[in-house]
Amino acid sequence: DNPDQAQQITTGNYAGFFGVAWTPDGRLVYGSRDFRLWIINRDGSGQKVLSGDEVNNWLPDVSPDGRYIVFQSWRGKSTENRIWRMDIDGNNITPLTERPWSDVPRVSPDGKWVVYQSEAGGRRTLWKVPINGGEPTQLVKYLSLWPAISPDGKRIAFFGSDESDQPDQFHIIVIPFEGGEPTFRFPVAADIANWNDLRWTPDGKSLAYITGESGARNIWIKALNDSPAVPLTHLKNQQIFHFDWSGDGQYLAYAAGVMNDDVILIRNVK
């Protein structure tokens, strides 16, 4: 949790400003602030752009078999995000959703589904679509943002505001993967819910999200019980924008920096 103990693997180009995701073989896919997707080895070598076209590509996630990258993008004449899939080498870009403003895709641990948020019903709610394409299914009907699928694939966490909440009141909510009533709720500030990165810890017992004050934004951990959230990182004058644990739980990658110079850092968490 000391930034001096983390290995910096990128410099400049706002690396990771629009998402960071591990591949099963230990590489990182990330979105830069110029809306391109990149892949890089854990030691910083082999950096390669995957999407150098003129459209916006961001918030990538990688299938557990390492075959696909899913991401959100504006393409063609559209100025509204939809979910797309491409091969791990950047080829064979394929649309997965047709409805407008579909974003924040997350691949299920079994590799069969992509969970995402969409404004298809007039407000952002959670949906899922088969990773090979097909008809989407709505999972949540109230405002729900930034989905995160548990490591065992049985639960989905998100920032939500349901019918029982006051305006601008949000909770971290956990539901079964197939949808249904919440099994956990924890209140958070609205500014945390609006732009964040929600992840499960590798053991599936806690949730991690970004919050901060005095110009710094750090990763905090909230166990699925009544205990308070606690900080995982302690950056003093940088902001963490996105983060992800490696599939084996050995490493935590996060994109951090000030607004004019973002970098990706890797911390060994064992």
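975 is the number of the first residue of the sequence shown in the numbering used here; add one for each residue after it. Ideal Cβ placement from N, Cα and C applies to all residues, glycine included. Source: prediction; values computed, not measured.
Would residue 1031 and residue 1019 qualify as a contact pair, given that the criterion is a beta-carbon distance under 8 Å? Within the sequence shown, residue 1031 is the residue found at index 57, counting from 1. Within the sequence shown, residue 1019 is the residue found at index 45, counting from 1. No.
Specify, as a first and last residue, the run of the alpha helix (DSSP H) that residue 1165 falls within. For this step, residue 1165 is matched to residue 191 along the sequence shown. Element bounds for residue 1165: 1164–1168.
Neighbour-count burial assignment, residue 1122, 16 or more Cβ in a 10 Å radius: Residue mapping note: residue 1122 aligns to position 148 of the sequence shown, counting from 1. Result: buried.
DSSP state of residue 978 mapped onto helix, strand, coil: Working through the sequence shown from its first residue, we reach residue 978 at position 4. For residue 978, the pLDDT reaches just 47, beneath the cut-off of 50, and the residue's location in the model is therefore unreliable, although a value from the coordinates is still provided. In the structure shown, residue 978 sits in a helix (DSSP, three-state: H, G or I).
Ordered along the chain, which non-local residues of its own chain (more than five positions away) have a Cβ less than 8 Å from that of residue 991? Translated into positions along the sequence shown, residue 991 becomes position 17. Counting only Cβ-Cβ distances below 8 Å, and skipping sequence neighbours, we find 1005, 1006, 1007, 1215, 1216, 1229 and 1236.
According to DSSP, simplified to helix, strand and coil, what is residue 985? For the purposes of this step, residue 985 is identified with residue 11 of the sequence shown, where counting begins at 1. Correct three-state label for residue 985: coil.
Is it true that the CB of residue 1192 sits closer than 8 Å to the CB of residue 1209? Translated into the one-based positions of the sequence shown, residue 1209 becomes position 235. Translated into the one-based positions of the sequence shown, residue 1192 becomes position 218. Result yes, Cβ atoms of residue 1209 and residue 1192 sit closer than 8 Å.
Which class does residue 1174 belong to by DSSP, given the choice of helix, strand or coil? Counting from 1 along the sequence shown, the entry for residue 1174 is found at position 200. Here residue 1174 sits in strand by DSSP.
Thinking C-beta only, is residue 1085 closer than 8 Å to residue 1033? Along the sequence shown, one-based indexing puts residue 1033 at 59. Along the sequence shown, one-based indexing puts residue 1085 at 111. No.
Any chance the stretch 1141–1148 sits against the stretch 1097–1113, with 3 or more Cβ pairs inside 8 Å? no
With DSSP as the reference, label residue 1206 as helix, strand or coil. On the sequence shown, residue 1206 is found 232 positions in, with the first residue counted as 1. In this structure, residue 1206 counts as coil in the three-state DSSP scheme.
Can you grab the Cα-Cα spacing for the pair residue 1168 / residue 1184, in whole Å? In the sequence shown, the residue the question calls residue 1168 occupies position 194. In the sequence shown, the residue the question calls residue 1184 occupies position 210. For residue 1168 and residue 1184, the distance between alpha carbons rounds to 11 Å.
Helix, strand or coil, according to DSSP, for residue 1105 in the structure here? As a working note, residue 1105 is residue 131 in the sequence shown. Here residue 1105 sits in coil by DSSP.
Given a cut-off of 8 Å, decide if residue 1090 and residue 1061 are closer than it, judged by their beta-carbon atoms. Taking the sequence shown and counting its residues from 1, the one referred to as residue 1061 is at position 87. Taking the sequence shown and counting its residues from 1, the one referred to as residue 1090 is at position 116. Against a cut-off of 8 Å, the Cβ pair of residue 1090 and residue 1061 comes out as no contact.
Inter-residue CB distance, residue 1036 and residue 997 (contact presumed, cutoff 8 Å): Position 62 of the sequence shown, counting from 1, holds the residue named residue 1036. Position 23 of the sequence shown, counting from 1, holds the residue named residue 997. Contact holds; Cβ gap of about 5 Å.
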